[in-house]
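Asker:
In our numbering, the protein residues as written are 171 to 430.
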């Protein structure tokens, strides 16, 4: 019984180690997609923002040549209807740019939401951005999941903790009751939660480097465990082989002659 349990434990450990390597490796891969994603074929790839995942787009209603694109790792701007692109300068790393909106009532005003950082506003078509004061601090865990403007010019922010509404004139934010999610969306919400936990974005700004460090530590532990285990197995087998050869050599050796 003990021998069976030891054998089962050994094989479960080997399989679990492989699964840990896969989980840790994919977590690092999700956090650094730009390092391994193949750029699109065609010319001017270096000037195109589409080497990254596009999360949002917006066209200036006052000038259709001015286009903004939000990606998983930056906001890009074109002034010639997409012929050339430049990265917009923000006061923070523009990660997970989920929503970009031009205000139809105020020319030049643009809103931008960054999932784990906050909401930003520009009054000059996206040249200069300023962070809006929110009643919560996204890096501490509350995620910005959506942004919209109503017909009266009010700003509505959707977060993981509910909805926030600000009047068109600015001022204080009003927290609205969090609507009950439709049952059909429960699976999607759970999938998003698992995705955010896996790549560390659930924990805010420091989640990604922490997840990277934990993943690297797990990979080192598993590989070093394999090295120690298989090294011991190889040493034991070599020792047994040497002992078997020595025993065989002793059996074949001629017996010494005994003098009368």
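All residues carry an ideal CB built from backbone N, CA and C; glycine is no exception.
1. Have a look at 255, 329, 330 and 318 and flag the residue whose alpha-carbon is nearest the alpha-carbon of residue 337.
2. Give a yes or no on whether the C-beta atoms belonging to residue 270 and residue 226 are separated by under 8 Å.
3. What did DSSP end up calling residue 256 once you bin it into helix, strand or coil?
4. Assign residue 287 to one of three DSSP states: helix, strand, or coil.
5. May I ask you to verify whether the segment 221 to 240 touches the segment 411 to 419, counting CB pairs closer than 8 Å and requiring at least 3?
6. If you draw a straight line from the C-alpha of residue 291 to the C-alpha of residue 194, how long is it?
7. In the DSSP assignment, find the unbroken alpha helix (DSSP H) run with residue 177 in it and report its ends.
8. Going by beta-carbon coordinates alone, are residue 245 and residue 282 separated by less than 8 Å?
9. Is the distance from the Cβ of residue 182 to the Cβ of residue 389 below 8 Å?
10. According to the neighbour-count rule (16 or more other Cβ atoms, all chains shown, within 10 Å of its Cβ), is residue 284 buried or exposed?
11. Give me the Cβ distance between residue 197 and residue 394, rounded to the nearest whole Å; I'm assuming they're in contact under 8 Å.
12. Name the two residues that bound the continuous alpha helix (DSSP H) containing residue 137.
13. Report the residue from 256, 251, 200 and 184 whose alpha carbon sits nearest the alpha carbon of residue 392.
14. Per DSSP, which residues does residue 346 bridge with? Please list them.
15. By the three-class DSSP mapping on this structure, what secondary structure does residue 304 have?
Answerer: In this structure, then:
1. It is 318.
2. Taking 8 Å as the Cβ cut-off, residue 270 and residue 226 qualify as a contacting pair.
3. It is a strand residue.
4. It is coil, neither helix nor strand.
5. Put simply, the segment 221 to 240 does not touch the segment 411 to 419. Fewer than three CB pairs are less than 8 Å apart.
6. Cα atoms of residue 291 and residue 194: separation of roughly 37 Å, rounded to the nearest angstrom.
7. Counting along the chain, the alpha helix (DSSP H) containing residue 177 begins and ends at 172 to 201.
8. Yes. Within cutoff.
9. The answer is no: Cβ separation not under 8 Å.
10. With 16 or more Cβ atoms within 10 Å of its Cβ, residue 284 is classed as buried.
11. The pair is not a contact, with the Cβ atoms about 19 Å apart (cut-off 8 Å).
12. Nothing can be reported for residue 137, as the shown portion of the chain is limited to 171 through 430.
13. The candidate whose alpha carbon is nearest that of residue 392 is 184.
14. BP columns for residue 346 point to 333.
15. Three-state DSSP puts residue 304 in coil, outside helix and strand.
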